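For reference, the structure discussed in these notes is given below.
In our numbering, the protein residues as written are 4 to 82.
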């Protein structure tokens, strides 16, 4: 991984902006399938209880991974 130098406030702003976008995408997918949480939807999709939701469930999984990674960076900047 390559490291760069960046103003802390700018980095926080970029992270928060990306997190808002990811959370919006997650909510859009959950709304499409009328589901209360990503975890529930992913499990229902795995169990075959939401036919044809596999692609969105994979998308949710990827979005969650990105969100957790960004939140980790955010916490490290707050310290």
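For glycine and all other residues, C-beta sits at the position ideal for the given N, C-alpha and C.
Quick caveat, the model's predicted, so the values are computed rather than measured.
Would you mind giving the Cβ-Cβ distance between residue i and residue j, rounded to the nearest angstrom? I have them listed as a contact below 8 Å.
{"i": "residue 4", "j": "residue 77", "result": "17 Å between Cβ atoms; not a contact."}
{"i": "residue 25", "j": "residue 75", "result": "The Cβ separation is near 13 Å, so there is no contact."}
Beta-carbon within less than 8 Å of residue i's beta-carbon, same chain only, minus the 5 sequence neighbours each way: which residues are those?
{"i": "residue 40", "result": "33"}
{"i": "residue 18", "result": "73, 76, 77, 80"}
Would you say residue i and residue j are within 7 Å of each other, going by their C-beta atoms?
{"i": "residue 66", "j": "residue 21", "result": "no"}
{"i": "residue 48", "j": "residue 60", "result": "yes"}
{"i": "residue 36", "j": "residue 56", "result": "yes"}
Could you pull out every residue in the same chain whose Cβ sits closer than 7 Å to the Cβ of residue i, ignoring the five residues on either side in sequence?
{"i": "residue 64", "result": "45"}
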